[in-house]
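Take a look at the structure set out below.
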Amino acid sequence: MSKRALLLLVMLMIVAIVVPAVIPKPAPSPERSSHPKRTVVVLLADSLTAHAIDEGIRLKRLPTLSRLIRQGQYKKDMVSVFPTMSVVIDQSLITGTYPDQHRVPALQWYDPQEGRVINYGDTFSHMRQQGILRTARWFLDYNRRHLNPQTETVHEALLRKGYLSGTINMTAYRGPFVHPIPFTGQTTQGPAWLALGPYVSRTRPDGDEMTTLSPTLYRNKDGLRLLSRWLRDPNHPDLIMVYLPDTDKTAHKMGPNGWKQVATLDRELQAFITSLGSWDSVLRDHVFVLMGDSGVIAGKQNAKYLITLNKLASPYRLLPYGVSTRERNADVAIASNERMAVVHPLRAGVSLDRLIEKYRHMPGIDWVIRRKGRDILVWHGAHQLRFRSKGPWRDSYGQTWHLEGDPRVLDLRLDPRRHLVQFGRYPDALRLVKGGIGAQRGPCVMLTSLPGYEFEWGTSSLPNRGSHGGASSQELLAPILVSDTSLPLPRTLRVVDLKQWLIRLVEVQHRPDGSR
Numbered sequence: 001m002s003k004r005a006l007l008l009l010v011m012l013m014i015v016a017i018v019v020p021a022v023i024p025k026p027a028p029s030p031e032r033s034s035h036p037k038r039t040v041v042v043l044l045a046d047s048l049t050a051h052a053i054d055e056g057i058r059l060k061r062l063p064t065l066s067r068l069i070r071q072g073q074y075k076k077d078m079v080s081v082f083p084t085m086s087v088v089i090d091q092s093l094i095t096g097t098y099p100d101q102h103r104v105p106a107l108q109w110y111d112p113q114e115g116r117v118i119n120y121g122d123t124f125s126h127m128r129q130q131g132i133l134r135t136a137r138w139f140l141d142y143n144r145r146h147l148n149p150q151t152e153t154v155h156e157a158l159l160r161k162g163y164l165s166g167t168i169n170m171t172a173y174r175g176p177f178v179h180p181i182p183f184t185g186q187t188t189q190g191p192a193w194l195a196l197g198p199y200v201s202r203t204r205p206d207g208d209e210m211t212t213l214s215p216t217l218y219r220n221k222d223g224l225r226l227l228s229r230w231l232r233d234p235n236h237p238d239l240i241m242v243y244l245p246d247t248d249k250t251a252h253k254m255g256p257n258g259w260k261q262v263a264t265l266d267r268e269l270q271a272f273i274t275s276l277g278s279w280d281s282v283l284r285d286h287v288f289v290l291m292g293d294s295g296v297i298a299g300k301q302n303a304k305y306l307i308t309l310n311k312l313a314s315p316y317r318l319l320p321y322g323v324s325t326r327e328r329n330a331d332v333a334i335a336s337n338e339r340m341a342v343v344h345p346l347r348a349g350v351s352l353d354r355l356i357e358k359y360r361h362m363p364g365i366d367w368v369i370r371r372k373g374r375d376i377l378v379w380h381g382a383h384q385l386r387f388r389s390k391g392p393w394r395d396s397y398g399q400t401w402h403l404e405g406d407p408r409v410l411d412l413r414l415d416p417r418r419h420l421v422q423f424g425r426y427p428d429a430l431r432l433v434k435g436g437i438g439a440q441r442g443p444c445v446m447l448t449s450l451p452g453y454e455f456e457w458g459t460s461s462l463p464n465r466g467s468h469g470g471a472s473s474q475e476l477l478a479p480i481l482v483s484d485t486s487l488p489l490p491r492t493l494r495v496v497d498l499k500q501w502l503i504r505l506v507e508v509q510h511r512p513d514g515s516r
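Residue numbers for the sequence shown follow full-length UniProt numbering, so the first one is 1 and each next one is one higher.
Below, the structure written as structure tokens:
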């Protein structure tokens with residue numbers, strides 16, 4: 001089961017153990033356009049890779065995707081965000097911002113206010129250790145307290161323009177409508193139509209709330225079945241975002257070459273399209289956007305490639321998992337996210353310089369990252385790069401930087417004559433590192449692992465065959481496929497560029513002449 005599916009399952013657990021709630025009535029829906037419209041449907045396939053798609057097409061095993069690609073748009077190099085963890089990427093997708101702006105730093109991260117490592121749900125054992133109720137609270141806080149209230153989501157922006165949206169099994173979903181969580185006394189804010197596992201809440205055109213428990217759970221076919229029902233409802237939203245988890249499980253078990261799971265997805269999409277009608281009619285009435293969120297990098301199935309947290313903490317005392325600083329004296333807290341980890345000092349006597357010196361020479365460590373005022377320092381072994389935003393160097397995304405030190409640390413290629421920065425193995429590396437370290441609360445050292453290595457997390461005793469969390473091109477680049485050409489994909493194709501593009505795509509579908 002994927003980590004996002006674990007998060008959704010927490011909600012089902014809470015439904016089973018707490019008391020009924022009063023259902024509030026949300027604000028009425030806005031006035032909607034009377035023009036014939038096409039619905040925009042975003043299908044987010046977790047850890048879907050271009051390599052798997054291309055291999056499946058080469059073997060002639062993906063007829064559905066092949067047909068969509070022939071008549072639409074297909075890009076293989078959409079740049080994700082760092083760290084490459086789904087809970088971070090999803091918030092960047094719906095807000096159009098980097099982690100230092102939307103403020104969700106990782107799947108696991110240390111919160112100085114709570115004095116403990118927050119974990120949205122990586123494994124069942126961790127959820128039990130930290131408490132199911134606490135995990136459920138963090139799940140709700142992920143969309144309300146942890147997500148920066150000043151960053152507008154795509155759902156909030158669309159409502160402001162008079163459009164409605166919905167999500168199915170997306171963990172990042174904050175929107176302008178208040179939805180009750182059945183039997184909990186809790187509410188959450190989301191788009192007009194919201195489905196989380198078996199829980200479905202829809203705001204009807206008259207503003208009334210309709211809440212049901214659906215047999216839909218967390219598999220691809222469950223989400224697609226519910227999507228089919230929604231699209232047959234004449235009042236369905238203008239934009240619907242659907243999370244498809246099954247590719248993630250295969251990517252972690254089999255590595256980056258899992259074309260067989262994509263073949264299963266292809267068959268599921270074919271059945272879904274057939275459930276709505278003929279190919280021509282379905283693609284006439286809908287625009288489909290199929291995308292991955294990040295890739296995976298191959299791991300080595302050997303215990304020596306697992307970097308343990310005790311090894312990172314030494315010689316200091318590590319805060320035990322699931323324990324707060326009020327319950328146990330400790331020197332450092334470590335939040336592990338597969339190929340990224342963050343070390344936080346918990347008392348004044350902890351020397352970050354001493355830790356950095358150790359990490360620079362530790363087997364398996366790639367980057368060592370630290371903030372100093374406005375500057376960000378990155379080490380790789382004996383080499384150091386220091387940078388900050390706004391300076392004489394301009395990158396391919398139009399961002400400017402002040403650089404000192406060795407650009408090879410981030411595999412940057414500099415053109416001194418034109419003062420241009422080109423990226424090598426790490427696309428958008430400067431802004432990604434700034435976003436990753438900037439989202440962390442308090443002083444810390446951020447680490448990434450070399451290919452094949454992984455930081456200890458959950459109950460793992462070996463690295464996954466496929467993992468992510470780092471910032472290599474294998475992890476950062478994801479495919480995106482659009483079923484038509486009514487609006488070209490952004491020239492600078494990053495996850496953070498998609499929010500505004502999706503809003504324009506919805507607007508284009510409502511214009512009588514289809515003009516852009």
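Here a beta-carbon is modelled for each residue, glycine too, at the ideal position from N, C-alpha and C.
Would you mind sorting Asp353 into buried or exposed? The rule is 16 or more other CB atoms within 10 Å of its CB.
Exposed, by the Cβ-count rule.
Measure the C-alpha to C-alpha separation of Asp406 and Lys161 and round it to an integer number of angstroms.
Rounded to whole angstroms, Asp406 to Lys161 spans 47 Å at the Cα level.
For Thr153, count neighbouring C-beta atoms within 10 Å of its own C-beta (all shown protein chains included) and say buried if the count is 16 or more, exposed if not.
Under this definition Thr153 is a buried residue.
Is the number of C-beta pairs between the segment 318-334 and the segment 496-504 that are closer than 8 Å three or more?
Too few Cβ pairs lie closer than 8 Å, so no.
Got a sec: does the ligand MN put a non-hydrogen atom nearer than 7 Å to the Cβ of Asp395?
Only the bare structure without any ligand can be found here, which leaves the ligand MN out of the picture.
Between which two residues does the alpha helix (DSSP H) harbouring Trp138 extend?
Trp138 -> alpha helix (DSSP H) spans 132-144.
Given that a residue counts as buried once 16 or more other Cβ atoms are within 10 Å of its Cβ, and exposed if not, what is Leu226?
So Leu226 ends up on the buried side.
Below 8 Å between beta carbons: does that hold for Thr489 and Pro427?
Checking the sequence shown, residue 489 turns out to be Leu, not Thr. No, Cβ-Cβ distance for Leu489 and Pro427 is not below 8 Å.
Can you tell me the Cα-Cα spacing of Gln384 and Met446, whole angstroms?
Each residue's Cα considered, the two are about 14 Å apart.
As a quick exercise: from Gly185, Val178, Gln186, pick the residue whose alpha carbon is nearest that of Trp193.
Ranking Gly185, Val178, Gln186 by Cα distance to Trp193 puts Val178 first.
Look at the alpha carbon of residue 519 and the alpha carbon of Tyr359, and state the distance between them as a whole number of angstroms.
With the chain covering only 1 through 516, there is no way to say anything about residue 519.
Nearest by alpha-carbon distance to Thr135: which of His146, Ile118, Thr151, Gln150 is it?
Minimum Cα distance to Thr135 is reached at Ile118.
Would you mind reading off the limits of the beta strand (DSSP E) that contains Lys304?
Lys304 -> no beta strand (DSSP E), and no H or E assigned at all.
With a threshold of 8 Å between beta-carbons, can Trp401 be considered close to chain B, or not?
Checking the listed chains, one finds no chain B in this structure; it contains a single protein chain.
Who are the Cβ neighbours of Pro24 in its own chain at under 8 Å, not counting the five residues just before and after it?
In this prediction, Pro24 scores a pLDDT of 31, lower than 50, which makes its location untrustworthy; the coordinate-derived value is nonetheless stated afterwards. Closer than 8 Å at Cβ, skipping near neighbours: Val178, Pro180, Thr187, Glu209.
Rounded to the nearest angstrom, how far is the Cβ of Ala172 from that of Gln91, given a contact under 8 Å?
The pair is a contact, with the Cβ atoms about 5 Å apart (cut-off 8 Å).
From Ile69 to Lys75, what distance separates their C-alpha atoms?
Each residue's alpha carbon lies about 10 Å from the other.
Within 10 angstroms of its Cβ, does Ile480 collect 16 or more other Cβ (buried), or is it exposed?
By the 10 Å Cβ count, Ile480 comes out buried.
Identify, in the order they occur along the chain, each residue of the same chain with its Cβ nearer than 7 Å to the Cβ of Gln101, setting aside the five sequence neighbours on each side.
So the list reads Asn148, Thr151, once near-sequence residues are dropped.
Tell me whether Asp366 is buried or exposed, calling it buried when 16 or more other Cβ atoms sit within 10 Å of its Cβ.
Per the 10 Å Cβ criterion, buried.
Would you call the CB atoms of Gly295 and Thr448 closer than 8 Å?
Not closer than 8 Å, so no.
In or out: Thr308 buried (at least 16 other Cβ within 10 Å) or exposed?
Under this definition Thr308 is an exposed residue.
Report back the beta-carbon spacing between Ser473 and Arg425 to the nearest angstrom; my notes put them in contact at under 8 Å.
At roughly 5 Å, the Cβ-Cβ gap stays under 8 Å, so Ser473 and Arg425 are in contact.
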